[in-house]
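For the sequence shown, the positions run 1 to 251 when the UniProt record's numbering is used.
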Amino acid sequence: MDISDDFWSASLEELKKGYRQEADSYVCLLCGERIEKGIIYPYAGLYYEAEKYMRIHIEHSHQSIFDYLMGLDKKLTGLTDHQNQLLRLFYQGKKDKEVQKEMGIGSTSTIRHHRFALKEKERQAKVFLAIMELLKEKDQHAPAFVPPHRTAKMVDARYAVTEEEQKEITQKFLPNGISGRLRNFPPKEKQRLIILREIAGRFERDRFYTENEINGILKDIYDDYILIRRYLIEYGFLERKSDGSQYWLKK
1 MDISDDFWSA
11 SLEELKKGYR
21 QEADSYVCLL
31 CGERIEKGII
41 YPYAGLYYEA
51 EKYMRIHIEH
61 SHQSIFDYLM
71 GLDKKLTGLT
81 DHQNQLLRLF
91 YQGKKDKEVQ
101 KEMGIGSTST
111 IRHHRFALKE
121 KERQAKVFLA
131 IMELLKEKDQ
141 HAPAFVPPHR
151 TAKMVDARYA
161 VTEEEQKEIT
171 QKFLPNGISG
181 RLRNFPPKEK
191 QRLIILREIA
201 GRFERDRFYT
211 ENEINGILKD
221 IYDDYILIRR
231 YLIEYGFLER
241 KSDGSQYWLK
251 K
């Protein structure tokens with residue numbers, strides 16, 4: 001559910017592939033799936049070596065790296081909804097005239113202007129990345145921040161959480177460990193975010209829960225389980241059907 005440290009520390013080439021190579025395995029940067037080297041993996045009646053099977057995993061589980069990245073919150077991509085739509089259409093191989101017609105904006109020259117603006121954004125991003133890499137080599141006092149979860153509905157100052165803050169707040173509100181009961185519900189939003197992240201970790205990925213199952217798990221954590229359930233949804237950790245019949249961890 002959270003974007004992993006591996007994702008944020010990956011090189012540009014690794015991000016484009018969606019996985020990184022380790023000594024004995026390939027690791028998916030999108031979900032953490034690990035494919036061991038030296039094993040032949042079956043899929044759809046055929047057999048594949050580890051790296052090829054990792055590519056199949058990404059295509060099957062995440063559709064494509066492009067779609068995954070474009071699905072990140074705009075605070076993480078730096079893209080407006082308008083730019084996001086343009087890039088998706090460009091990625092599909094649409095011509096400027098087709099893009100203009102589909103989006104219903106301006107003329108083909110307008111689309112060309114948008115292409116130029118996106119190229120300018122690319123150049124700025126390269127320069128900024130180089131600056132931050134140089135800063136990283138010199139800045140010995142920069143705190144380590146915890147990456148926001150991918151499904152966060154609004155990434156703002158609440159998500160500026162250092163690893164030290166996360167440890168302190170978790171110990172304060174979950175004194176018996178992350179599997180223990182909540183002492184009380186945090187009064188501040190940043191504290192809530194940290195605690196809700198820990199609570200969300202108690203749910204399994206790729207599993208659907210009934211409301212009673214959700215309530216049962218949350219009752220073991222805090223008496224006002226309805227409050228916790230509401231905030232898990234509000235902060236983008238859980239999703240549910242409109243009739244409340246099913247709940248699941250958002251990806």
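C-beta: ideal position from N, C-alpha, C; glycine also.
Tell me, which residues are paired with L15 by DSSP? L15 is not bridged to any residue.
Item to complete: Inspect the beta-carbon positions of H62 and L30 and report whether they are closer than 8 Å.
Response: Yes; because the gap between Cβ atoms is below 8 Å, this pair is in contact.
Quiz prompt | Distance between G177 and G216 (C-alpha atoms, nearest Å) | solution = Each residue's CA atom was taken as its position, placing G216 and G177 some 19 Å apart.
**Asked** Does the beta-carbon distance from C28 to I58 come in below 8 Å?
**Response** Remark: C-beta atoms of C28 and I58 approach each other more closely than 8 Å.
Helix, strand or coil for L174, going by three-state DSSP, please let me know. L174 falls in the coil class under three-state DSSP.
Residue nearest to A200 in terms of C-alpha spacing, selected from P187, S179, K188, N184:
For A200, the nearest C-alpha among the options comes from S179.
Alpha carbon to alpha carbon, what distance is there between L218 and Y209? Cα to Cα, the separation comes out at about 12 Å.
#### Entry: Opposing strand residues paired with T80 [DSSP bridges]
DSSP lists no partner for T80.
Identify every run of the alpha helix (DSSP H) within the region 23–101, keeping only runs that are complete inside it and at least 4 residues long; order them along the chain. DSSP runs (the alpha helix (DSSP H)) wholly in the region 23–101: 50–62, 65–70, 74–77, 81–91.
### Reduced DSSP secondary structure (H/G/I, E/B, other) of T108
Of the three classes helix, strand and coil, the one that applies to T108 here is helix, per DSSP.
Can you tell me whether DSSP reads S242 as helix, strand or coil? When secondary structure is reduced to three states using DSSP, S242 falls in the coil class, being assigned neither helix nor strand.
- Message: So within the UniProt domain "DUF2087" (181–249), which uninterrupted beta strand (DSSP E) runs reach at least 3 residues, ignoring any that extend past its ends?
- Response: Runs found: 238–240, 247–249.
Problem - Assigned exposure category for F237 - 16 Cβ within 10 Å defines buried - result: Buried, by the Cβ-count rule.
Would you say K18 and I65 are within 8 Å of each other, going by their C-beta atoms? First, the amino acid is wrong: residue 18 is Gly here, not Lys. Note that the C-beta distance between G18 and I65 is below 8 Å.
What do you reckon, are the CB atoms on T77 and L69 nearer than 8 Å?
Result yes, Cβ atoms of T77 and L69 sit closer than 8 Å.
Practice prompt. Let me know if E122 comes out buried or exposed under the rule of 16 or more other beta-carbons within 10 Å of its beta-carbon.
Written response: Classification of E122: exposed, given that the 10 Å Cβ count is below 16.
Can you tell me where the alpha helix (DSSP H) with S9 in it begins and where it stops? Run containing S9: 5–9, per the alpha helix (DSSP H) assignment.
**Message:** For R205 and R112, I'd like the C-alpha separation in whole angstroms.
**Reply:** It is roughly 42 Å from the alpha-carbon of R205 to the alpha-carbon of R112.
If the criterion is Cβ atoms closer than 8 Å, does the pair Q100 and T110 meet it? At a Cβ-Cβ threshold of 8 Å, Q100 and T110 count as neighbours.
By how many angstroms is the C-alpha of L193 removed from the C-alpha of L46? Going from the Cα of L46 to the Cα of L193 covers about 44 Å.
* How many Å lie between K37 and K136 at the Cα? -> Taking the straight line from one Cα to the other gives about 33 Å.
Please report whether the beta-carbon of T162 lies at a distance below 8 Å from any beta-carbon of chain C.
As a matter of chain content, chain C is missing from the structure shown, which is built from one protein chain.
Q.
Please report the straight-line C-alpha distance between E163 and G104, rounded to a whole angstrom.
A. So the two alpha carbons sit approximately 46 Å from each other.
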